[in-house]
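Peer 1: Counting in my numbering, the sequence shown runs from 1 upward without gaps.
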Amino acid sequence: MELLNVDTVEEARKKLLEAAEKKRPDEEEVYFTRGTGRILARDTVAEENVPGFRKSTVDGYAVRAADTQGVSESVPVFLRVIEEIPMGRAPEKTISPGEAAYVPTGGMLPQGADAVVMIEYTEKFDEESIAVYDALSCGRNVIREGEDIKRGEAFIEKGRRIRPQETGALASAGVSRISVFRPWTVTVISTGDELAGVEDAIEKGRTRDINTYSLSAAAEGYGFKVADALVLKDDRDSIKKAISEAMTSSDVVLVSGGSSQGEKDYTADIMDELSHGGLLTHGIAIKPGKPTILAFDRESETILAGLPGHPAAALLIFELFIGWLYRELTFQKEPEKIKAEISENVPSAGGKATCIFVELVRREGRSCEARPILGKSGLITLLTKADGYTVTDANSEGVNEGDTVEVTLF
Numbered sequence: 001m002e003l004l005n006v007d008t009v010e011e012a013r014k015k016l017l018e019a020a021e022k023k024r025p026d027e028e029e030v031y032f033t034r035g036t037g038r039i040l041a042r043d044t045v046a047e048e049n050v051p052g053f054r055k056s057t058v059d060g061y062a063v064r065a066a067d068t069q070g071v072s073e074s075v076p077v078f079l080r081v082i083e084e085i086p087m088g089r090a091p092e093k094t095i096s097p098g099e100a101a102y103v104p105t106g107g108m109l110p111q112g113a114d115a116v117v118m119i120e121y122t123e124k125f126d127e128e129s130i131a132v133y134d135a136l137s138c139g140r141n142v143i144r145e146g147e148d149i150k151r152g153e154a155f156i157e158k159g160r161r162i163r164p165q166e167t168g169a170l171a172s173a174g175v176s177r178i179s180v181f182r183p184w185t186v187t188v189i190s191t192g193d194e195l196a197g198v199e200d201a202i203e204k205g206r207t208r209d210i211n212t213y214s215l216s217a218a219a220e221g222y223g224f225k226v227a228d229a230l231v232l233k234d235d236r237d238s239i240k241k242a243i244s245e246a247m248t249s250s251d252v253v254l255v256s257g258g259s260s261q262g263e264k265d266y267t268a269d270i271m272d273e274l275s276h277g278g279l280l281t282h283g284i285a286i287k288p289g290k291p292t293i294l295a296f297d298r299e300s301e302t303i304l305a306g307l308p309g310h311p312a313a314a315l316l317i318f319e320l321f322i323g324w325l326y327r328e329l330t331f332q333k334e335p336e337k338i339k340a341e342i343s344e345n346v347p348s349a350g351g352k353a354t355c356i357f358v359e360l361v362r363r364e365g366r367s368c369e370a371r372p373i374l375g376k377s378g379l380i381t382l383l384t385k386a387d388g389y390t391v392t393d394a395n396s397e398g399v400n401e402g403d404t405v406e407v408t409l410f
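Laid out in structure tokens, this is it:
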């Protein structure tokens, strides 16, 4: 097998999307309270208005705004109270000129009323009437029927991750069943003779496995189900067997380590073989993360990704490709980005896009400052200190102190 030419991030993404365009996750219907954290697969359309009636936002009296024109603290208007409307009940009477009705916060306005005067601006005059000391405009202290959500409106669009506030909106519209994407199933495989477990006795020359845990956590952060997480020696047959078995049960197989061109770097050959020549790219013009492998097996419809062994690089590539692909296929928005001023000069790697991890510092009266967190891609603490990252253009010489950069937030 000959290695493919190094691709830019955009070229590699295009190849991956074209190969896996039919990999859109299946849909499933769930009860709306079970949807938190899931991605909505279809627009949610309201079958009723919210609210379903005109309601008061204050405790007070429903009135005709025209009856209060010219009113002030020294010149009140006197209105006859014809009804006290109980909470959760519809009014029985209609407001005519010179009349009012008591209505609690959230209560329904009677016909004829178009505003509500707060109880603080009223005073009982006698058993049947009140004095009003506030001039009101039409619609004051009133929520119109359908003002929040209109019948027939797609009030939550597909691609939205369901948060508590979306759950509340669904309840308000009486939507009890929603269609969400079924999460991808992922197998994570870390390779390396040097790897030791978290609880193993550590020996000189060995290093504790990081990627199994960090990549599993990253996958779970997207709502994926981690089917298995394995740590394997640099043995070609063992790695091939593990990937082959994972392809029968997983949508995505992540293999960290073995993606370079060393003597024991088997991942590209194995993925090319198991995907029946479906290797898309081996090498991406980005630092860190150049020795990235992407493949797609059309037979099993499995996405295969060979990630760098360096922890920071592995997580970055997962985000830039697997996370990106999932967002594309599930109609999600891109992560939030903000503008910030870089605090120091950072050169680029020649001919490669360079990812700069940054810490954001708020400055009073000025834009955010992005402070680069510099270090080698093998250092996991680069990411623990970072609020996000910015990526320089492959053709640039880097960024200079004071330049405005776009930071993608973690």
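Note that beta-carbon positions come from the ideal geometry of N, C-alpha and C, so glycine has one too.
Among the residues of its own chain, which have a CB less than 6 Å from the CB of aspartate 148, if the five just before and after it don't count?
Peer 2: Excluding positions up to five away in sequence, the list reads Val50.
Peer 1: Leaving out five residues on either side along the sequence, give the residues of the same chain with a beta carbon under 8 Å from the beta carbon of glutamate 128.
Peer 2: Excluding residues within five positions, the ones whose Cβ falls inside 8 Å are Arg80 and Val81.
Peer 1: Distance check for glutamate 334 and isoleucine 189, CA to CA, integer angstroms please.
Peer 2: Approximately 27 Å, taken between the alpha carbons.
Peer 1: By the 10 Å Cβ neighbour count, where 16 or more other Cβ atoms means buried, how is lysine 14 classified, buried or exposed?
Peer 2: Exposed, since its Cβ has fewer than 16 Cβ neighbours within 10 Å.
Peer 1: Would arginine 140 and leucine 329 be called neighbours here (beta carbons separated by less than 7 Å)?
Peer 2: Against a cut-off of 7 Å, the Cβ pair of leucine 329 and arginine 140 comes out as no contact.
Peer 1: Within 10 angstroms of its Cβ, does arginine 54 collect 16 or more other Cβ (buried), or is it exposed?
Peer 2: Buried, because 16 or more other Cβ atoms sit within 10 Å of the Cβ of arginine 54.
Peer 1: Buried or exposed for arginine 38, going by 16 or more other Cβ atoms inside 10 Å?
Peer 2: Counting Cβ neighbours within 10 Å, arginine 38 comes out buried, since at least 16 surround it.
Peer 1: Rounded to whole angstroms, what's the CA-CA distance from methionine 108 to methionine 87? Just pull it up for me.
Peer 2: Going by the C-alpha atoms only, they are around 8 Å apart.
Peer 1: Give the C-beta separation of valine 103 and tyrosine 61 to the nearest angstrom, bearing in mind that I take them to be a contact with Cβ-Cβ under 8 Å.
Peer 2: Correct: roughly 7 Å between the Cβ atoms.
Peer 1: According to DSSP, is glutamate 51 helix, strand or coil?
Peer 2: Inspection of the sequence shows that residue 51 is occupied by proline rather than by glutamate. Three-state result, proline 51: coil.
Peer 1: Counting pairs of beta carbons, one from the segment 345-358 and one from the segment 291-304, are three or more of them closer than 8 Å?
Peer 2: As far as the Cβ criterion goes, the segment 345-358 does not touch the segment 291-304, which means the pair count is below three.
Peer 1: What is the C-beta distance between valine 192 and glycine 289, in whole angstroms, given that I count them as a contact (C-beta under 8 Å)?
Peer 2: The sequence as given places glycine at residue 192; valine does not occur at that position. Actually they do not touch by this definition, with Cβ atoms about 17 Å apart.
Peer 1: Using DSSP's beta-bridge definition, name the partner residues of aspartate 420.
Peer 2: Outside the displayed span of the chain (1 to 410) sits residue 420, for which this structure offers no information.
Peer 1: Provide the residue span of the alpha helix (DSSP H) that contains lysine 241, from first to last.
Peer 2: Segment 236-246, the alpha helix (DSSP H) holding lysine 241.
Peer 1: Using 10 angstroms around the beta-carbon of threonine 267, count the other beta-carbons present and answer buried if the total reaches 16, otherwise exposed.
Peer 2: Classification of threonine 267: buried, given that the 10 Å Cβ count is 16 or more.
Peer 1: Could you tell me the alpha carbon to alpha carbon distance between alanine 171 and threonine 44, rounded to whole angstroms?
Peer 2: Between alanine 171 and threonine 44, the C-alpha separation is close to 12 Å.
Peer 1: Please state whether DSSP places threonine 408 in a helix, a strand or coil.
Peer 2: In this structure, threonine 408 counts as strand in the three-state DSSP scheme.
Peer 1: What is the DSSP secondary structure of aspartate 7, reduced to helix, strand or coil?
Peer 2: In the structure shown, aspartate 7 sits in a strand (DSSP, three-state: E or B).
Peer 1: By how many angstroms is the C-alpha of leucine 136 removed from the C-alpha of isoleucine 95?
Peer 2: Taking the straight line joining both Cα atoms gives about 16 Å.
Peer 1: In three-state DSSP terms, what is serine 137?
Peer 2: In the structure shown, serine 137 sits in coil (DSSP, three-state: anything other than H, G, I, E or B).
Peer 1: Beta-carbon separation of valine 30 and valine 180 under 7 Å?
Peer 2: Closer than 7 Å, so yes.
Peer 1: Could you please give the first and the last residue of the uninterrupted alpha helix (DSSP H) stretch that includes serine 179?
Peer 2: Here serine 179 belongs to no alpha helix (DSSP H); instead the beta strand (DSSP E) covers 177-181.
Peer 1: Nearest to valine 252 by CA position, among Ile202, Val117, Ile210 and Phe318, is which residue?
Peer 2: Here the closest residue by C-alpha is Phe318.
Peer 1: Taking 7 Å as the cut-off, decide whether the C-beta atoms of valine 226 and leucine 195 are in contact.
Peer 2: In this structure, leucine 195 does not lie closer than 7 Å to valine 226 by Cβ.
Peer 1: Within 10 angstroms of its Cβ, does leucine 382 collect 16 or more other Cβ (buried), or is it exposed?
Peer 2: The residue is buried, with at least 16 neighbouring Cβ atoms inside 10 Å.
Peer 1: Which whole runs of the alpha helix (DSSP H) in the segment 278-358 are 4 residues long or more, in chain order?
Peer 2: Complete alpha helix (DSSP H) runs here, min 4: 311-317 and 324-329.
Peer 1: Under 7 Å between the Cβ atoms of valine 117 and valine 63?
Peer 2: Against a cut-off of 7 Å, the Cβ pair of valine 63 and valine 117 comes out as a contact.
Peer 1: Report the residue from Ile284, Thr404, Ser343 and Tyr326 whose alpha carbon sits nearest the alpha carbon of glutamate 10.
Peer 2: The shortest Cα separation from glutamate 10 among Ile284, Thr404, Ser343 and Tyr326 belongs to Ile284.
Peer 1: Let's test the definition: count the other Cβ atoms within 10 Å of the Cβ of glutamate 2 and tell me whether it reaches 16, buried, or not, exposed.
Peer 2: For glutamate 2, the predicted structure reports a pLDDT of 47, less than 50, and the residue's modelled location is therefore unreliable. A value from the coordinates is still provided. So glutamate 2 ends up on the exposed side.
Peer 1: Rounded to whole angstroms, what's the CA-CA distance from glycine 34 to threonine 212? Just pull it up for me.
Peer 2: Sequence check: residue 34 is arginine here, not glycine. Rounded to the nearest angstrom, the two C-alpha atoms are 28 Å apart.
Peer 1: Quick check on this structure: which residue in Ala173, Arg160 and Ala353 has the alpha carbon closest to the alpha carbon of aspartate 430?
Peer 2: Residue 430 lies beyond the range of the chain shown here (1 to 410); nothing can be said about it.
Peer 1: Should phenylalanine 155 and phenylalanine 125 be called a contact, given that it needs their Cβ atoms to be closer than 7 Å?
Peer 2: Contact flag unset, no.
Peer 1: Compare the Cα-Cα distances from tyrosine 121 to each of Glu73, Arg89, Ala386 and Arg208 and report the closest residue.
Peer 2: Comparing Cα positions, the closest option is Glu73.
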